[in-house]
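>
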Amino acid sequence: MNLPVAILIDLDDTIVSYSTYAGPCWKRACYDAAGRIDGADAEELYRTLTEAKTWFWADPERHRANRQDMPRANQRLIQIGLRRLGIEDRELAGTIAQSYERERGKTIKPFPGALETVRKLRACGVRMALVTNGGAEPQREKIRRFDLAPLFDAILIEGECGYGKPDTRIYMDALRLLDAAPGDAWMVGDNLEWEVAVPQKLGIFCVWNDAKGEGLPENSGIRPDRIIRSLPELLPSRVGALQLTTPEGN
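Take the position in the sequence shown, starting the count at 1, then add 1033; the result is the number in the working numbering.
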């Protein structure tokens, strides 16, 4: 398969591993917190806070409204969980949230071969846009940390644009900055709604990054144009012999 003129690519859980170690970090923060609460059962605390966490992020509107300030959002959901246990302690909730964010931050790193793949795509002449949700500063910190800015022709962050995926404006903004039509571009990412269902409706060829290898959810009505397990799979075997083409010409 030849490469397109332009690629829009997601950041978290596509270029960098963001969720891989979230579970262990969350459990450690909960168990550490149990030691600060008289008579607390660590497993019960972990289970209750996890249920609150799942409930909190399950609502799309609550997700959209809170994802730009993750430390504050985590403190809010932890307060909700503690309240279910009869504990009203905002300071403790803040301490648990900070502990979790601190430990999780240490685990974030690029997937094997991800940065090299982006560099090779640029070397092939593909125009590249990084399109990511989240707050401006947290996302910019990752961009600085892994020196991503020089690899992209455009960077669009929800916290800077005022809107993000799955708002159709963000994809169209990226295409405009890359001077590319929808039929000349790919969208690559791990979220089936944000990186497949919505951009597909705009005429973009959508590549789902199934980094966990779990396959499409049962009864999913979303069908990616292509499924990969890691970014290096985007590269044809003979990179030096590539010609740019539209997805329809593949």
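For every residue, glycine included, the Cβ atom is placed at its ideal position computed from N, Cα and C.
Any chance the segment 1203–1213 sits against the segment 1185–1192, with 3 or more Cβ pairs inside 8 angstroms?
Taking a cut-off of 8 angstroms on C-beta distances, the segment 1203–1213 touches the segment 1185–1192, as three or more cross pairs fall below it.
> Do you know offhand how far E1226's Cα is from V1049's?
19 angstroms
> Which same chain residues end up closer than 8 angstroms to E1247 when comparing Cβ atoms and leaving out the 5 residues on each side of it in sequence?
none
> If we ignore side chains and look at the alpha-carbon of each, how far apart do I1040 and A1091 end up?
29 angstroms
> Check each candidate in T1081, L1268, R1097 and Q1131 and name the one with the smallest Cα separation from R1116.
Ranking T1081, L1268, R1097 and Q1131 by Cα distance to R1116 puts T1081 first.
> Establish whether the CB of A1055 and some CB of chain B are separated by less than 8 angstroms.
Here there is only one protein chain, and chain B is not present.
> On the criterion of 16 or more Cβ atoms from any shown chain inside 10 Å, does R1177 qualify as buried, or is it exposed?
exposed
> Have a look at the DSSP bridge pairing and note the partners of K1015.
The question about residue 1015 has no answer, for the chain in this structure spans 1034 to 1283.
> With respect to the alpha helix (DSSP H) encompassing G1091, which residues constitute its N-terminal and C-terminal limits?
It should be pointed out that residue 1091 corresponds to Ala in this sequence rather than to Gly. From DSSP, the alpha helix (DSSP H) with A1091 extends over A1075 to A1091.
> Hey, which unbroken runs of the beta strand (DSSP E) at 3 residues or more fall wholly within the segment 1210–1239?
1218–1222
> Could you check what DSSP says for I1042 in three-state terms: helix, strand or coil?
The three-state secondary structure of I1042, taken from DSSP, is strand.
> Taking the alpha-carbon positions, what's the M1034 to C1157 distance?
Answer to the nearest angstrom: the Cα atoms are 14 angstroms apart.
> Buried or exposed: which applies to G1284, given that a residue is buried once 16 or more other Cβ atoms fall within 10 Å of its Cβ?
This structure cannot speak to residue 1284, because the chain is shown only from 1034 to 1283.
> Where P1280 and D1243 are concerned, what is the direct C-alpha to C-alpha distance, given to the nearest angstrom?
Its pLDDT being 49, under 50, P1280 is placed unreliably by the model, and nothing is read from it.
> If you draw a straight line from the alpha carbon of D1060 to that of V1038, how long is it in whole angstroms?
Checking the sequence, you will find Lys at residue 1060 rather than Asp. Distance between the alpha carbons of K1060 and V1038 is about 43 angstroms.
> Give the secondary structure of M1161 by DSSP, where H, G and I count as helix, E and B as strand, and everything else as coil.
strand
> Could you check whether A1106 and R977 sit closer than 8 angstroms to each other, using their CB atoms as the reference points?
Outside the displayed range of the chain (1034 to 1283) lies residue 977, so it cannot be described from this structure.
> If you pair each beta-carbon of the segment 1062–1070 with each one of the segment 1116–1129, do three or more pairs fall below 8 angstroms?
Segments in contact, yes.
> According to DSSP, simplified to helix, strand and coil, what is S1263?
coil
> From P1143, Q1172 and T1083, pick the residue whose C-alpha is nearest to that of D1102; which is it?
Q1172
> Taking Cβ positions, are Y1064 and Y1079 nearer each other than 8 angstroms?
Against a cut-off of 8 angstroms, the Cβ pair of Y1079 and Y1064 comes out as a contact.
> So, helix, strand or coil for N1099, using DSSP?
helix
> So what does DSSP say about L1268, is it helix, strand or coil?
L1268 falls in the coil class under three-state DSSP.
> If you run the structure through DSSP and keep just helix, strand and coil, what is L1249?
Looking at L1249 - three-state DSSP - the assignment turns out to be coil, as it is neither helix nor strand.
> The beta strand (DSSP E) that contains L1189, what's its start and end?
A1187 to I1190
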